[in-house]
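One structure is given here, and the rest of the page talks about it.
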Amino acid sequence: MPWPLSFLLRKRGDARVPLLLTNQRPVWLPRPLWLLKPWWFLYRCTLRALGYSTATDDDPAAAGQIAEEGGLQREPALLLAPPLPPPDASPLDIAEGGWLLIDRPEGDPRASPRGDGEVRSQRTAWVSLDPVRGRLDVYPRAVSARIETAFERGEATVELGCFGASVHFDAEGAGCHLQRTAGGRRDVFRFTFAQDDETEVVVPVHRPGRAWRVLHALDDGGHPPPGAEVRTVAAGRDILDPTLPDQVHEPSLSSTAPAVEATAAASSGATGGDAVSSGLSTVNASHEAERWALWVSIDPRTGRVMPYPAEVARQLEVAQNRGESTVTLGAAFFNATVHMEDRPYQRTARGRRDVRRLLLARPGVSATVRVALGPRGWRSADSAELSGTEPEATEEHAVATSSDVLVDLALAESADPAAEISASSPPRPSAPELALFEGGAATGGNPSAASPADASAGTAGGGALEALWEWCRRDGQHAAAAHTLSAEAWGVYSREQNSDIEAAFQAGRSDAEVSVGIRTYRVVFGPEAGFARQVDEVLHKRRLVRRRLVSHEESSRALDPVAPQVARDQESCPICCANFAESAAMPVLELPGCQHVFHTACAQQLADSASPCPCCRADVDWVALGLAARHHRRSRG
Numbered sequence: 058m059p060w061p062l063s064f065l066l067r068k069r070g071d072a073r074v075p076l077l078l079t080n081q082r083p084v085w086l087p088r089p090l091w092l093l094k095p096w097w098f099l100y101r102c103t104l105r106a107l108g109y110s111t112a113t114d115d116d117p118a119a120a121g122q123i124a125e126e127g128g129l130q131r132e133p134a135l136l137l138a139p140p141l142p143p144p145d146a147s148p149l150d151i152a153e154g155g156w157l158l159i160d161r162p163e164g165d166p167r168a169s170p171r172g173d174g175e176v177r178s179q180r181t182a183w184v185s186l187d188p189v190r191g192r193l194d195v196y197p198r199a200v201s202a203r204i205e206t207a208f209e210r211g212e213a214t215v216e217l218g219c220f221g222a223s224v225h226f227d228a229e230g231a232g233c234h235l236q237r238t239a240g241g242r243r244d245v246f247r248f249t250f251a252q253d254d255e256t257e258v259v260v261p262v263h264r265p266g267r268a269w270r271v272l273h274a275l276d277d278g279g280h281p282p283p284g285a286e287v288r289t290v291a292a293g294r295d296i297l298d299p300t301l302p303d304q305v306h307e308p309s310l311s312s313t314a315p316a317v318e319a320t321a322a323a324s325s326g327a328t329g330g331d332a333v334s335s336g337l338s339t340v341n342a343s344h345e346a347e348r349w350a351l352w353v354s355i356d357p358r359t360g361r362v363m364p365y366p367a368e369v370a371r372q373l374e375v376a377q378n379r380g381e382s383t384v385t386l387g388a389a390f391f392n393a394t395v396h397m398e399d400r401p402y403q404r405t406a407r408g409r410r411d412v413r414r415l416l417l418a419r420p421g422v423s424a425t426v427r428v429a430l431g432p433r434g435w436r437s438a439d440s441a442e443l444s445g446t447e448p449e450a451t452e453e454h455a456v457a458t459s460s461d462v463l464v465d466l467a468l469a470e471s472a473d474p475a476a477e478i479s480a481s482s483p484p485r486p487s488a489p490e491l492a493l494f495e496g497g498a499a500t501g502g503n504p505s506a507a508s509p510a511d512a513s514a515g516t517a518g519g520g521a522l523e524a525l526w527e528w529c530r531r532d533g534q535h536a537a538a539a540h541t542l543s544a545e546a547w548g549v550y551s552r553e554q555n556s557d558i559e560a561a562f563q564a565g566r567s568d569a570e571v572s573v574g575i576r577t578y579r580v581v582f583g584p585e586a587g588f589a590r591q592v593d594e595v596l597h598k599r600r601l602v603r604r605r606l607v608s609h610e611e612s613s614r615a616l617d618p619v620a621p622q623v624a625r626d627q628e629s630c631p632i633c634c635a636n637f638a639e640s641a642a643m644p645v646l647e648l649p650g651c652q653h654v655f656h657t658a659c660a661q662q663l664a665d666s667a668s669p670c671p672c673c674r675a676d677v678d679w680v681a682l683g684l685a686a687r688h689h690r691r692s693r694g
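To convert, note that position 365 of the sequence shown is 422 in this note's numbering; the numbers rise steadily by one, no gaps.
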């Protein structure tokens, strides 16, 4: 008879920490058999060395404590750190409480197959596992409600309603759910809380290759794979609690997903209806008063029209009423920034897409958006990118509307804007957090390291903000650690260069070219939101660049500095001949001894070749000046 294999851990003096569970029962291994297994002995010794406790049949005190805490009754067995749930808890409680249960016991009243239509009364949370960093990301409550509803109805997939993300249930076996986007896929886990006061999600994970995965089974020998870990995350307000009246499950997204009906360009005039939203789109509506707003984005790859969830649409509507120029959608939506212009658009680290606002008389009214295929993908037919050019194709996409994607204009106009955004947005993370729907580098909670949208949100109410591009003075820095650097570690470009970089960024280009002294750089945007790389392709050097949104006063102080005071009243750089007063933002270097002054960027080539001063031929210790590494090793510049 095979052993029922389970592994349970409990740290001394700490709360109970489940690691793995692969059956309904704990390990029942009699001591004589245990003694014959050297690996069990080594495993137990390792547990003790790491501070974990074990209980055996000759340890009555520990076994009694287990029973008192609602664990197993004492048996002649080796218990690898109890904690088991209270006696009235079923194995299903353990499985859905963050433990892994492979075989669901027969006869359990809640072990009915998924899709039986029964709405369960358990508190649940849906999380995804970032494949790059191995972090757990909790879906916002509204999104979790949609996933849970589709899960209970037995649907195979559910569209999340933003950026083409969808969750596929049981994609790799029972309980092995996946989320797919155009950028990749990640594991999804459904966690059910065993206790009413629990808020922490616990998921076992491992890394079998380059990506982190949820651990669903042990190896053939019944052992956890090397490097298996337990990850936890606080679900907080994103927990689904069906016992609360304000957390009723949303309708299935499959019934409200946008119905895409492409028609020929020649038939576009047969849609009827009135032009609304400043002529940006056409809506098939009656002549009733327009009381509802629908915000949609256009997928540049497929031309699909995707409505924003109601909580996001409410932020956009409130921002438009306030006259804001940009809106951040938060980590749950790619850290995307929506630019509120006559023809609004959305930017993420991966690119941009058109955004449009539609007005409707009531929910359920059919809406139609015309899209066109241009040189940079699908855009709204009225996009500025398509002006003066003949699109390759034109289509009309019908959008089904429902209350979960619409905003009541009366409420949006009368409510306090700040309260509306606070009520509809998930709490901002206090620690670095990855995007929920696609992998990306963490930017941290420091505004200096955050994405442009995050920086804007951090200074809301402080007046108009301006973009400031800064390059890192230190070599070998990464975006994930940028928030640890002081303000002195960042330099600025000139006002003209800053404007050129920002213009390229806003235009959706992949990079911008700037000239600093005798050197030419490419500022390559991304891949992290709010960051770029300064690349010198001639000297093969690169530096980290960040983008911040700052007040007009701070921008003026940074971009209009006082000209540096140099020795010998030298007015210009001998290498590039640029006047120091006209290039005050560029760092300068004064050579010790001869006191000749150069732009630091111009002097870099001299340092790389260990050349003397070009003015007086005096020897220069470039290593001591920090411009060259010992043995003339190439450094970042």
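Beta carbons: idealized from backbone N, C-alpha and C, even for Gly.
In whole angstroms, give me the CA-to-CA distance for Leu193 and Val290. Spanning the two alpha carbons is a distance of roughly 6 angstroms.
Extent of the continuous beta strand (DSSP E) run through Asp465: Leu463 to Asp465
Would His234 be called buried (16 or more neighbouring beta carbons within 10 Å of its own) or exposed? buried
Report the residue ranges of all beta strand (DSSP E) runs contained in full by the segment 550-607; include only those spanning at least 3 residues, in chain order. 568-573, 576-582 and 588-593
DSSP state of Ser543, grouped into three classes? If DSSP states are grouped into helix, strand and coil, Ser543 belongs with coil.
Per the DSSP calculation, Glu286 is bridged to which residue(s)? Val262
Span of the alpha helix (DSSP H), counted from its first residue to its last, around Ile204: Arg198 to Glu209
Could you tell me which of Leu186, Ile575 and Leu522 sits nearest to Ser608, measuring between CA atoms? Leu522
Let me check you understand the geometry: is the CB of Arg605 closer than 8 angstroms to at least one non-hydrogen atom of the ligand HEM? For the structure depicted, the ligand HEM is absent and the ligand set is empty, with no information on it obtainable.
Collapsed DSSP secondary structure at Val300 in the structure displayed: With the sequence shown as reference, residue 300 is identified as Thr, and Val is not the correct amino acid for it. Looking at Thr300 - three-state DSSP - the assignment turns out to be coil, as it is neither helix nor strand.
Find the nearest neighbour of Asp187 within the set Ala589, Trp269 and Val375, judged by alpha-carbon distance. Trp269
With 16 other Cβ atoms within 10 Å as the buried cut-off, status of Ser543: By the Cβ neighbour-count rule, Ser543 is exposed, with fewer than 16 other Cβ atoms within 10 Å of its own.
Output yes or no for whether 9 angstroms exceeds the beta carbon distance between Glu10 and Val428. Residue 10 lies beyond the stretch modelled for the chain, which goes from 58 to 694, so this question has no answer here.
Integer Cβ distance of Gln377 from Met397, believed to fall under 8 angstroms: Taking the Cβ atoms as the reference, Gln377 lies roughly 6 angstroms from Met397, within the contact range of under 8 angstroms.
Coarse secondary structure for Phe390, derived from DSSP in three states: helix
Quick check: the segment 543-557 against the segment 346-364, are there 3 or more CB pairs under 8 angstroms? Cβ pair count under 8 angstroms is below three, so no.
With a CB to CB cut of under 6 angstroms and the five nearest residues on each side skipped, what residues in its chain are close to Pro484? Caution is warranted here: a pLDDT of 35 is assigned to Pro484, below 50, making its placement in the model unreliable, and no coordinate value can be reported.
Start and end residues, alpha helix (DSSP H) containing Leu663: Thr657 to Asp665 is the extent of the alpha helix (DSSP H) around Leu663.
When the Cα of Trp349 is compared with those of Ile204, Leu468 and Trp183, which residue comes out closest? Leu468
Please name the residue in Val462, Pro631, Leu417 and Ala569 whose C-alpha comes closest to that of Tyr365. Val462
Helix, strand or coil at Val245 [DSSP, three-state]: strand
Supposed contact pair Pro669 and Thr657 - C-beta distance, whole angstroms, cut 8 angstroms: At roughly 17 angstroms, the Cβ-Cβ gap does not stay under 8 angstroms, so Thr657 and Pro669 are not in contact.
If we ignore side chains and look at the alpha-carbon of each, how far apart do Arg203 and Leu297 end up? Taking C-alpha positions only, Arg203 is separated from Leu297 by approximately 11 angstroms.
Using only the alpha-carbon positions, how far apart do Val245 and Gln179 sit? 18 angstroms
Backbone secondary structure at Leu682 - three-state DSSP: Three-state result, Leu682: coil.
Would Ala681 and Gly650 be called neighbours here (beta carbons separated by less than 9 angstroms)? Contact annotation: Ala681 and Gly650 have beta-carbon atoms that are not nearer than 9 angstroms.
Taking Met363 as the reference, which of Arg210, Arg237, Val395 and Val426 has the closest Cα? Val426
Taking the alpha carbon of Arg210 as the point to measure from, which residue in Leu430, Ala199 and Phe226 has its own alpha carbon closest? Phe226
Just the C-alpha distance for His306 and Ala292, rounded to the nearest angstrom, thanks. In this predicted model, His306 has a pLDDT of only 46, less than 50, meaning its place in the structure is not dependable; the value taken from the coordinates is given anyway. His306 and Ala292: Cα-Cα distance of roughly 17 angstroms.
Which of helix, strand or coil does DSSP assign to Gly293? helix
Given a threshold of 16 other Cβ atoms within 10 Å of its Cβ, counted over all protein chains shown, does Pro283 qualify as buried or as exposed? exposed
For Val271, does the three-state DSSP call read helix, strand or coil? strand
Ala560 and Val580 closer than 9 angstroms at C-beta: no
Would you kindly report the start and end of the unbroken alpha helix (DSSP H) that includes Arg407? Element bounds for Arg407: n/a, residue is neither H nor E.
For Phe390, the nearest candidate out of Arg379, Glu381, Gln403 and Val592 (CA to CA): Gln403
For Pro618, count neighbouring C-beta atoms within 10 Å of its own C-beta (all shown protein chains included) and say buried if the count is 16 or more, exposed if not. exposed
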